[in-house]
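With my numbering as the guide, the letters of the sequence shown map in order to residues 9 to 172.
Cβ coordinates follow ideal geometry from the N, Cα and C atoms, glycine included.
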Amino acid sequence: MIIMNNWKILKDVENKKVWDFVFSELHFKPHEEKELITLPLPNKYFDISRFYNDGFVEELYNNLHESAQAWFEKISNGERMFALNWQHDCYSFTADLPFEKDEYNEWLIPVFPNGDYLFFLTNDFKNGIFADGVNFQLLIWGGDIIKAFETKTPDMLKVNNSRR
Numbered sequence: 009m010i011i012m013n014n015w016k017i018l019k020d021v022e023n024k025k026v027w028d029f030v031f032s033e034l035h036f037k038p039h040e041e042k043e044l045i046t047l048p049l050p051n052k053y054f055d056i057s058r059f060y061n062d063g064f065v066e067e068l069y070n071n072l073h074e075s076a077q078a079w080f081e082k083i084s085n086g087e088r089m090f091a092l093n094w095q096h097d098c099y100s101f102t103a104d105l106p107f108e109k110d111e112y113n114e115w116l117i118p119v120f121p122n123g124d125y126l127f128f129l130t131n132d133f134k135n136g137i138f139a140d141g142v143n144f145q146l147l148i149w150g151g152d153i154i155k156a157f158e159t160k161t162p163d164m165l166k167v168n169n170s171r172r
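Printed below as a string of structure tokens:
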């Protein structure tokens with residue numbers, strides 16, 4: 009049994025508050041084929057489909073998660089952040105604590121999407137990541153996370169294939 013000290017399942021009230029933001033402010037439409045989400049500016053878009061087609065590269069996967077944890081440490085201001093997995097348990101976490109991993113040695117909610125819609129949000133909702141495992145894309149928004157991204161860009165995203 010893995011003891012989780014960092015990942016905390018969101019209570020109903022907090023879960024509703026966070027998903028209300030995702031639906032009302034980001035206009036998340038999980039059943040749409042196009043325009044699943046409307047992100048505030050500034051934002052960046054990355055097509056990650058080639059990392060599904062070329063097979064799993066553990067070094068790139070680990071580097072993405074190390075980079076994301078560094079971004080989260082810079083932008084969280086010591087407050088808990090949110091990690092959401094559409095139609096699954098959702099969590100809060102503290103960026104400067106170790107991220108415990110599950111039995112597959114992965115974060116409970118990974119940044120690299122595995123067929124789901126995943127969100128990582130700051131407590132004030134001004135910065136975040138939308139990881140789209142259906143359309144194979146990563147989208148980030150908010151000035152602070154983009155600045156953090158530019159100082160620690162993960163290897164798999166070094167080629168900027170932004171559409172916005």
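Mind listing, in chain order, the continuous beta strand (DSSP E) runs of no fewer than 3 residues lying wholly within the region 51-127?
-> If we require 3 residues or more, the beta strand (DSSP E) runs fully inside the region 51-127 come out as 51-55, 89-93, 99-101.
Find the nearest neighbour of Trp-149 within the set Leu-72, Asn-14, Ile-83, judged by alpha-carbon distance.
-> Across the set Leu-72, Asn-14, Ile-83, the C-alpha of Ile-83 shows the shortest separation from the C-alpha of Trp-149.
Have a look at Phe-36 and Glu-111 and give me their C-alpha separation to the nearest angstrom.
-> Cα-Cα distance, rounded: 30 Å.
Can you check whether the CB of Phe-138 is closer than 8 Å to the CB of Tyr-60?
-> No, the Cβ-Cβ distance between Tyr-60 and Phe-138 is not below 8 Å.
For Asp-140, the three-state DSSP class (helix, strand or coil) | For Asp-140, the three-state secondary structure derived from DSSP is strand.
Beta-carbon contacts of Thr-102 that lie in its chain and below 7 Å, excluding the five residues immediately before and after = So the qualifying residues of the chain are Asn-14, Arg-88.
What residue from Gln-77, Lys-109, Tyr-125 has the CA that sits closest to Ser-30's CA?
-> A small fix is needed here, since residue 30 is Val in this sequence, not Ser. Nearest Cα to Val-30 within the set Gln-77, Lys-109, Tyr-125: Tyr-125.
Do you know offhand how far Lys-42's Cα is from Val-142's?
-> In a straight line, the C-alpha of Lys-42 is about 11 Å away from that of Val-142.
On the premise that Phe-127 lies in contact with Leu-92, defined as a C-beta separation below 8 Å, what is that separation, rounded to the nearest angstrom?
-> Between Leu-92 and Phe-127 the beta-carbon gap is near 4 Å, inside 8 Å, which marks them as a contact.
What are the boundary residues of the beta strand (DSSP E) that Trp-149 is part of?
-> It spans 145-149 - the beta strand (DSSP E) in which Trp-149 sits, taken as one unbroken run.
Would you decide whether Val-21 is buried or exposed? Buried here means 16 or more other CB atoms lie within 10 Å of its CB.
-> By the neighbour-count rule (16 or more Cβ atoms within 10 Å), Val-21 is not buried but exposed.
For the alpha helix (DSSP H) that contains Trp-174, what are its first and last residues?
-> Nothing about residue 174 can be read from this structure; the chain reaches only from 9 to 172.
Could you tell me the distance, in whole angstroms, from the CA atom of Pro-50 to the CA atom of Tyr-69?
-> Taking the Cα positions, Pro-50 is about 25 Å away from Tyr-69.
How many angstroms separate the CA atom of Gly-151 from the CA atom of Asn-135?
-> Here the C-alpha atom of Gly-151 lies approximately 7 Å from the C-alpha atom of Asn-135.
With a Cβ-Cβ cutoff of 8 Å, do Leu-79 and Lys-160 count as a contact?
-> Per the sequence shown, residue 79 should be read as Trp rather than Leu. Closer than 8 Å, so yes.
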